[in-house]
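Numbering follows numbering that gives the first Met the number 0, with no gaps: position 361 of the sequence shown is 360.
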Amino acid sequence: MRPYLWSEAGNPSSVHAAGRRAREAVDTAREQVASVLGCKPGEVIFTSGGTEADNLAVIGLALAETGRGRHIVTTAIEHHAVLFAARSLRACGFEVTELAVDQAGRVDPADVETAVRPDTTLVSIGLANNEIGTIQEVPTLARIGHAAGARLHTDAVQAAGQLDINVDRLGVDLLSLSAHKLYGPKGVGALYVREGVNVERRAFGGAQERDRRAGTENVPAIVGLGEAILRAEAERDQRTAHMRSLSVALVDRVTDRCSKVRVTGDPERRLPAFAPFAFADIDAESLLIRLDLEGIAVSTGAACTSGSLEPSHVIEALGLPEGFRRGSLRCTVGRGTTLDEVTRAGEAIARHVRTLRAVAAASGVV
C-alpha cells in the first residue's frame with residue numbers, strides 16, 4: 000500500500016501516466032479478489048466496506064427488480080447492514096420476511112422454502128453470523144431461492160479468510176466482503192455481483208466501478224484488500240487450524256470453571272475463531288470492562304452496536320432463557336493469538352464471572 004499512500008497519487012480515472020499506474024493497481028486488486036471468489040474481475044465492485052456492500056446488494060437489487068416483485072426474505076440474526084437496509088424498503092412498498100432461527104442460530108431450509116414466493120426477488124442470508132459464528136447451509140438455501148426465481152445474497156464479511164467463499168460452490172448471486180476482517184485496512188470492501196444480475200446504483204456522480212458505484216476509488220485501501228485476501232486464502236488452512244485449537248481451548252477452560260454458562264452458536268458448524276458465551280445472572284457489560292482493564296479485548300455483541308446496553312438482536316433471536324440474555328460475551332481468537340493468552344483470558348473470565356455473581360448476590364439482585 001505504501002507507494003499509493005505517499006508517492007503514487009494518480010486518480011485511476013485519469014488518462015495520464017500517474018492515473019494509468021493507479022488504474023493498474025486497482026485492476027490488479029480486482030483480479031486478486033476475483034481469484035479467491037472464483038469469479039470474473041468485472042463482477043467485483045469495490046466499496047467503502049461491508050456495510051455499503053450489504054446496502055448496495057439488498058437495496059440495489061430490490062430496486063432493480065421491482066418489475067418482478069417486491070418481496071425480500073432474510074433472517075432475524077442478519078447484520079444490521081442487511082436488516083436495516085431491507086426494512087428501509089418497506090417505505091417503498093416492499094414486504095420483508097424475517098425468518099426465525101433455532102437456539103444455535105440456524106435457519107431451517109424448510110422455512111426458506113415456505114417463505115419464498117413468485118414475487119420474491121431476493122433472499123439475503125449471511126454465510127456465518129458475526130456474533131455467534133454459526134455457519135448457514137448457503138448452497139442449499141441458494142438452490143431453494145433460485146428454484147423460486149429469487150437471487151441469493153450472502154454477507155461473507157465474517158466468513159472470509161475462515162471458509163471457502165468460492166461463489167460458484169456457494170451458488171450465490173451476490174456476496175459482500177470487508178478488508179478489515181482479513182487483516183487488511185479498514186474502510187474498504189467489495190461486493191460480488193454475478194454477471195447478468197442488476198443492481199441499481201446508490202451513489203451518483205462518475206462512472207466508476209463500471210457505472211455501478213460512483214466516486215474516486217480509494218487506491219491504497221483497495222490495494223490492501225487485494226493483498227490481504229490473497230494472503231488469507233493462501234494461509235486459510237493453517238490459520239483456521241490454529242484458531243480452532245485455541246477457541247476450543249478457551250471454551251473448555253471457561254465451561255470447566257464456570258457454572259450456568261452456555262456456548263452460543265452451533266457447536267459443530269461455527270467459525271473456527273469463535274468462542275461465544277452466555278452467562279446467567281451477570282451483566283456482560285460489567286464483565287467486558289473488567290476484562291478490558293486486564294488487556295483482554297472482548298465484545299458483548301457486534302462491534303458496530305457496542306454502545307447499546309440492551310441484549311443484541313441476535314441473542315434475542317436465539318430464545319435463550321431470560322437470565323442468560325444480558326450475559327452474552329463474544330470472544331474470538333486470531334492468527335497471532337497464543338495458547339498462553341487463551342489460558343489467561345479463560346482464567347480471567349471465570350474469575351470475574353464469580354466475582355460479579357457474588358456482588359449481585361450480596362446486593363440482592365440475584
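Every residue, glycine too, gets a C-beta built ideally from N, C-alpha and C.
Small disclaimer: the values here were computed from a predicted structure and weren't measured.
How many Å lie between residue i and residue j at the Cα?
i      : j      : result
Leu176 : Ala227 : 12 Å
Arg22  : Ser13  : 8 Å
Gly399 : Ala220 : Nothing about residue 399 can be read from this structure; the chain reaches only from 0 to 365.
Leu290 : Ala277 : 15 Å
Ile164 : Gly195 : 20 Å
Thr336 : Leu270 : 16 Å
Cys376 : Thr65  : Nothing in the structure corresponds to residue 376, since the chain is present only between 0 and 365.
Ala233 : Val192 : 23 Å
Gly326 : Thr354 : 14 Å
Ser47  : Gly318 : 34 Å
Thr215 : Arg243 : 39 Å
Leu151 : Thr50  : 17 Å
Ser258 : Ile76  : 27 Å
Val198 : Arg230 : 30 Å
Gly186 : Arg212 : 15 Å
His15  : Leu190 : 28 Å
Glu309 : Pro320 : 15 Å
Arg105 : Val253 : 24 Å
Leu174 : Ala349 : 38 Å
Tyr3   : Glu30  : 18 Å
Ala103 : Thr133 : 7 Å
Asn217 : Leu98  : 36 Å
His70  : His241 : 42 Å
Arg209 : Pro40  : 11 Å
Glu346 : Ala109 : 42 Å
Asp118 : Ala248 : 47 Å
Val95  : Val81  : 11 Å
Ile404 : Pro138 : No answer is possible for residue 404: it lies beyond the span of the chain, which begins at 0 and ends at 365.
Since residue i and residue j are thought to touch, with beta carbons under 8 Å apart, how far apart are those beta carbons, to the nearest angstrom?
i      : j      : result
Gln135 : Leu121 : No, Gln135 and Leu121 are not in contact; Cβ-Cβ is about 16 Å, not under 8 Å.
Leu224 : Val32  : 7 Å
Thr73  : Ala61  : About 11 Å; that fails the 8 Å criterion.
Val100 : Ala316 : 6 Å
Gly333 : Ala272 : 7 Å
Tell me the residue span of the beta strand (DSSP E) that contains residue i.
i      : result
Glu97  : 94–98
Arg261 : 260–262
Gly345 : Counting along the chain, Gly345 falls outside any beta strand (DSSP E), though it belongs to the alpha helix (DSSP H) covering 338–361.
Ala189 : 188–192
Thr153 : 150–154
Arg252 : Arg252 -> not in any beta strand (DSSP E); alpha helix (DSSP H) instead, spanning 235–256.
Leu328 : 327–331
Does DSSP classify residue i as helix, strand or coil?
i      : result
Tyr3   : helix
Val111 : helix
Val218 : helix
Ser311 : coil
His78  : coil
Leu174 : strand
Ala301 : Only weak support exists for where Ala301 lies, its pLDDT of 49 falling under 50; the value from the coordinates is given anyway. Here Ala301 sits in coil by DSSP.
Phe276 : strand
Ala159 : strand
Thr27  : helix
His70  : strand
Arg289 : helix
Which residues bound the alpha helix (DSSP H) around residue i?
i      : result
Thr46  : Taken as a continuous stretch (DSSP letters only), Thr46 belongs to no alpha helix (DSSP H), being part of the beta strand (DSSP E) at 43–46.
Val122 : Here Val122 belongs to no alpha helix (DSSP H); instead the beta strand (DSSP E) covers 119–123.
Arg209 : 207–210
Arg142 : 137–146
Would you say residue i reaches chain C, if we count a Cβ-Cβ gap shorter than 8 Å as a contact?
i      : result
Glu130 : Going by chain labels, chain C is absent from the structure shown, which holds only one protein chain.
TODO: Check whether the region 152–166 touches the region 179–187, counting contact only when three or more Cβ pairs, one atom from each stretch, lie closer than 8 Å.
DONE: A contact exists between the region 152–166 and the region 179–187.
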